[in-house]
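*Asks:*
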Amino acid sequence: MSDDRTRKKSNEEQGRGPGTMAAAHGKIRLDKNSVKLFARLMSFMKGRELAMLAVSMALMIVTALVSVRSSTFTGSIIDDYIKPLIGSADPDLGPLLKAIMFMGCLYVISIIVNFLLNRILVDVSNNVLKKIRITLFRHMQKLPIKYFDNRPYGDVMSIYTNDVDNIRELMGNALPNMFSSMITVITIFIAMVRISLALTGVVIATVVVMYLITIFLGGASAKYFSLRQKSLGQMNAYAEELLNGIKVVKVFCHEEQAKAGFDVRNEDLFVKTAKANRLANALMPVMVNIGNLQYVVLAMVGGAMAVSGSAGMTLGKLAAFLLLSRNFTRPVSMISQQINTVVMALAGAGRVFELIDEKPEVDEGKVTLVREDGKYFWKSPDGTLTELKGDIRMHKVDFSYTGDKLVLEDIDLFAKPGQKIAFVGSTGAGKTTITNLINRFYDVADGGVTYDGININDIKKDDLRRSLGMVLQETNLFTGTIADNIRFGRPDATDEEVIAAAKLANAHDFIEKLPEGYDTVINGTGSQLSQGQCQLLSIARCAVADPPVMILDEATSSVDTRTEVLIQRGMDALMHGRTTFVIAHRLSTVMNSNAILVLEKGRIIERGDHNDLLAQKGKYYQLYTGKTE
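At position 161 of the sequence shown (counting the first as 1) the number is 160 in numbering that gives the first Met the number 0, and the numbers step up by one without a gap.
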């Protein structure tokens, strides 16, 4: 589709090329915007997920209490069991053994609780991610064609893979660890206060320092994680583009340039990832060393208090407090360590929600399409049925993709029911754009398009497009059987209708020669078939839909002469009795058209049938004969 390629080039020149969707996303910070992104992620938790989350919170509390009890038990062992036994002539170890067995039972309970907790959190995170993917894909189906025209597919796919995977890491790992750590911090803090308020003050001062460092390093790394996600999308888009065109790369020996282009993008990703990770990974060692320094201070101060016996400090209490402090700084360090994951996930969430927030295709139409007894009818809002004829007209249509430069200007044309209308002209003249306006992939800037006298804006888009069959220059097949690919045009088509469509398209013979016939499985690229065979399947797919109006966009431009004849026969059978718009560079395929429109720079400069245009000796005459005069 030459006009589309021209348009995409223009978009890239204006800054709408690869990676611009990622660039549009604002800078991620640990601020109000981050809170909003997090709140939107949590909004996917409803009903069962919320109940399971409540259960997991209860289990986290149980785990935290067991952790606290294990630390205080050390002090109890020393003060209540070991010290009384020191110097005893006949020590009774029974109470000590009972206490140890009690703690053993608590640890077993903790193991069971942690197992259940992990199972629940896995289920919750998977359910949330499932909902996010469903929301993404369903919304993507509602987006207009121009959204995908302006964005590389690799960048869009990066949202489904890398960005969603970062959210998975947040939901399945970072958040549970952070929530568990917070609960542990609270319970341990209460236990420390009960042992020594003075030593708890030392711990609080240390935590404040940890918090300030976390905010500083986390905020600094957030900027680079956002840039990293953008750079990753650009690299994926480049790789996807090169993979799609690998044959062209090989033919023109463009491997070195391709590698150079990849190296530039890979180096950019490396630099931004290194900067982000350098800051984020500095958190853990800093926190660990601050925790070690705190441990030394607590041991010195607490030891002095235990020796002097001040504030009721004992050797057992000091041992318990030191263990509690170690367990207190560990979850604090874990929370800071998870900042890395949180920032990456929020950067990914920003791109996910950017796609979800894209405005869907607007459909204000009220008129619908109805098929009864093999005939099509327009159904108005009051229930009136009008038989579809296929009369399509354009009235003084202007159109621009960018809003500043007209691609089509003052287009007037009509196609009476059953007529074949051909568009010819140089690349970028606006041929494909006209068909994009007929099926409302884009809307006109000025003027109007009518279908059987009805403004196409008044027809529901799905019904409008259901009445239009398209065979494009670039064939798109899907992984599945041959029959599935033909039935794509009408999912409820019977096997007999599928075979009839294949026969009409002249595809039946080669299908029958395949190993499994119509049940032969092909991949999405159709690599097992020739280009001509893929095109015949596209025609069969359109035939089974049985649309009253056809659009053929250079369907035979890239096949050999013999295959062209075969495809042309299939298209002739498909066009019979239907209003048809044909775009072709090979003028031999449009000589029998009722009218041929010659376009140049977005305007219709000549119109008439083949003989009339030859007699005019204008642009068409030059295209047909190759003569300049």
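For each residue, glycine too, the CB sits at the ideal point set by N, CA and C.
In the DSSP assignment, find the unbroken beta strand (DSSP E) run with residue 393 in it and report its ends.
*Replies:* Position 394 of the sequence shown, counted from the start, is the residue given in the question as residue 393. Element bounds for residue 393: 391–398.
*Asks:* Using DSSP with H/G/I as helix, E/B as strand and the rest coil, what is residue 444?
*Replies:* Locating residue 444 in the sequence shown gives position 445, where the first residue counts as 1. Coil, per DSSP.
*Asks:* Taking the continuous alpha helix (DSSP H) assigned at residue 292, which residues delimit it?
*Replies:* Translated into positions along the sequence shown, residue 292 becomes position 293. Unbroken alpha helix (DSSP H) run through residue 292: 282–307.
*Asks:* Below 7 angstroms CB to CB, which residues in the same chain sit around residue 124 once its five sequence neighbours on both sides are set aside?
*Replies:* In the sequence shown, counting from the first residue as 1, residue 124 sits at position 125. Hits under 7 angstroms: 167, 170 and 171.
*Asks:* Taking Cβ positions, are residue 603 and residue 410 nearer each other than 8 angstroms?
*Replies:* The residue labelled residue 603 in the question sits at position 604 within the sequence shown. The residue labelled residue 410 in the question sits at position 411 within the sequence shown. In this structure, residue 410 lies closer than 8 angstroms to residue 603 by Cβ.
*Asks:* Short check: CB of residue 42 to CB of residue 345, under 8 angstroms?
*Replies:* Translated into the one-based positions of the sequence shown, residue 42 becomes position 43. Translated into the one-based positions of the sequence shown, residue 345 becomes position 346. No.
*Asks:* Give me whichever residues DSSP pairs with residue 450 in a beta bridge.
*Replies:* Working through the sequence shown from its first residue, we reach residue 450 at position 451. Answer is 391 and 453, bridged to residue 450.
*Asks:* Look at the Cβ atom of residue 583, then the Cβ atom of residue 414, and state whether they are nearer than 8 angstroms.
*Replies:* Position 584 of the sequence shown, counted from the start, is the residue given in the question as residue 583. Position 415 of the sequence shown, counted from the start, is the residue given in the question as residue 414. No.
*Asks:* Let me know the alpha helix (DSSP H) ranges lying completely inside the segment 157–206, each 4 residues or longer, listed in chain order.
*Replies:* For the segment 157–206, whole alpha helix (DSSP H) runs of length 4 or above, ordered along the chain, are 163–168 and 174–194.
*Asks:* From the DSSP output, in three-state form, read off residue 598 for me.
*Replies:* For this step, residue 598 is matched to residue 599 along the sequence shown. Correct three-state label for residue 598: strand.
*Asks:* In its own chain, which residues sit with a C-beta less than 8 angstroms from the C-beta of residue 599, not counting the 5 before and 5 after it?
*Replies:* The count along the sequence shown starts at 1 and reaches residue 599 at position 600. Answer for residue 599: 424, 425, 428 and 618, listed in chain order.
*Asks:* Give me the Cα-Cα distance between residue 405 and residue 441, rounded to the nearest whole angstrom.
*Replies:* Mapped onto the sequence shown, residue 405 falls at position 406. Mapped onto the sequence shown, residue 441 falls at position 442. Cα to Cα, residue 405 sits roughly 14 angstroms from residue 441.
*Asks:* Taking the continuous alpha helix (DSSP H) assigned at residue 129, which residues delimit it?
*Replies:* The residue you call residue 129 lines up with position 130 of the sequence shown. Where residue 129 is concerned, the enclosing alpha helix (DSSP H) stretches over 93–140.
*Asks:* Between residue 500 and residue 419, what straight-line distance do the alpha-carbon atoms span, to the nearest angstrom?
*Replies:* Within the sequence shown, residue 500 is the residue found at index 501, counting from 1. Within the sequence shown, residue 419 is the residue found at index 420, counting from 1. Roughly 21 angstroms separates the two Cα atoms.
*Asks:* Look at the alpha carbon of residue 620 and the alpha carbon of residue 407, and state the distance between them as a whole number of angstroms.
*Replies:* In the sequence shown, residue 620 corresponds to position 621, counting from 1. In the sequence shown, residue 407 corresponds to position 408, counting from 1. For residue 620 and residue 407, the distance between alpha carbons rounds to 23 angstroms.
*Asks:* In the DSSP assignment, find the alpha helix (DSSP H) that holds residue 543 and state where it starts and stops.
*Replies:* As a working note, residue 543 is residue 544 in the sequence shown. Note, residue 543: alpha helix (DSSP H), 530–544.
*Asks:* In this structure, how does DSSP classify residue 48 when only helix, strand and coil are distinguished?
*Replies:* Residue 48 sits at position 49 when you count from the first residue of the sequence shown. Note: residue 48 maps to helix in three-state DSSP.
*Asks:* Of all the beta strand (DSSP E) runs that stay within the bounds of the segment 497–525, which reach a length of 3 or more residues?
*Replies:* The segment 497–525 contains no whole beta strand (DSSP E) run of 3 or more residues.
*Asks:* Between which two residues does the beta strand (DSSP E) carrying residue 581 extend?
*Replies:* As a working note, residue 581 is residue 582 in the sequence shown. First-last of the beta strand (DSSP E) with residue 581: 578–582.
*Asks:* Going along the chain, which residues of its own chain have a beta-carbon closer than 6 angstroms to the beta-carbon of residue 581, five neighbours each way excluded?
*Replies:* For the purposes of this step, residue 581 is taken as residue 582 along the sequence shown, with counting starting at 1. Counting only Cβ-Cβ distances below 6 angstroms, and skipping sequence neighbours, we find 421, 551 and 589.
*Asks:* Taking 8 angstroms as the cut-off, decide whether the C-beta atoms of residue 503 and residue 573 are in contact.
*Replies:* Numbered from 1 along the sequence shown, position 504 holds the residue referred to as residue 503. Numbered from 1 along the sequence shown, position 574 holds the residue referred to as residue 573. Contact flag set, yes.
*Asks:* Please state the DSSP three-state secondary structure of residue 373.
*Replies:* Translated into the one-based positions of the sequence shown, residue 373 becomes position 374. Reduced to three states, the DSSP call for residue 373 is coil.
*Asks:* Using the Cα positions of residue 208 and residue 272, report the straight-line distance between them to the nearest angstrom.
*Replies:* The count along the sequence shown starts at 1 and reaches residue 208 at position 209. The count along the sequence shown starts at 1 and reaches residue 272 at position 273. Between residue 208 and residue 272, the C-alpha separation is close to 26 angstroms.
*Asks:* Are there three or more Cβ pairs, one per stretch, closer than 8 angstroms when the segment 151–167 is compared with the segment 312–329?
*Replies:* Output reads no: the segment 312–329 does not touch the segment 151–167.
*Asks:* Across which residues does DSSP place residue 313 in a beta bridge pair?
*Replies:* For this step, residue 313 is matched to residue 314 along the sequence shown. Its beta-bridge partners do not exist; DSSP assigns none.
*Asks:* State the DSSP-derived secondary structure class of residue 585, mapped to helix, strand or coil.
*Replies:* On the sequence shown, residue 585 is found 586 positions in, with the first residue counted as 1. Three-state result, residue 585: coil.
*Asks:* On the three-pair Cβ rule with 8 angstroms, is the segment 243–257 touching the segment 364–372?
*Replies:* No: fewer than three Cβ pairs fall under 8 angstroms.
*Asks:* Can you tell me the Cα-Cα spacing of residue 334 and residue 130, whole angstroms?
*Replies:* The residue given as residue 334 occupies position 335 in the sequence shown. The residue given as residue 130 occupies position 131 in the sequence shown. Between residue 334 and residue 130, the C-alpha separation is close to 27 angstroms.
*Asks:* Just to check my reading of the structure: residue 353 and residue 141 have Cβ atoms closer than 8 angstroms, yes? What is that Cβ distance to the nearest angstrom?
*Replies:* Counting from one through the sequence shown, the residue named residue 353 turns up at place 354. Counting from one through the sequence shown, the residue named residue 141 turns up at place 142. Between residue 141 and residue 353 the Cβ distance is about 15 angstroms, and since that is not below 8 angstroms, they are no contact.
*Asks:* Going by DSSP in three states, residue 271 sits in which element: helix, strand or coil?
*Replies:* As a working mapping, residue 271 is identified with position 272 in the sequence shown. It is helical.
*Asks:* Taking all protein chains shown into account, decide if residue 541 is buried (16 or more other Cβ within 10 angstroms of its Cβ) or exposed.
*Replies:* Here the question's residue 541 lines up with position 542 in the sequence shown. With 16 or more Cβ atoms within 10 Å of its Cβ, residue 541 is classed as buried.
*Asks:* Based on DSSP bridge pairs, tell me the residues matched to residue 422.
*Replies:* Counting from 1 along the sequence shown, the entry for residue 422 is found at position 423. According to DSSP, which records beta bridges pairwise, residue 422 is partnered with 582 and 596.
*Asks:* Whose C-beta lies closer than 7 angstroms to the C-beta of residue 528 among residues of the same chain, with five residues either side of it excluded?
*Replies:* Position 529 of the sequence shown, counting from 1, holds the residue named residue 528. Excluding sequence neighbours, residue 528 sits near 521.
*Asks:* Consult DSSP for residue 470 and reduce its assignment to one of helix, strand or coil.
*Replies:* Here the question's residue 470 lines up with position 471 in the sequence shown. Residue 470 falls in the strand class under three-state DSSP.
*Asks:* So residue 578 and residue 458 are supposed to be a Cβ contact under 8 angstroms. How far apart are they, rounded?
*Replies:* Here residue 578 refers to the residue found at position 579 when the sequence shown is read from its first residue. Here residue 458 refers to the residue found at position 459 when the sequence shown is read from its first residue. Going by Cβ atoms, the distance from residue 578 to residue 458 rounds to 15 angstroms, so no, they are not a contact pair.
*Asks:* Could you spell out where the beta strand (DSSP E) holding residue 348 opens and where it closes?
*Replies:* Within the sequence shown, numbered from 1, the residue matching residue 348 stands at position 349. Segment 338–355 is the alpha helix (DSSP H) holding residue 348; no beta strand (DSSP E) there.
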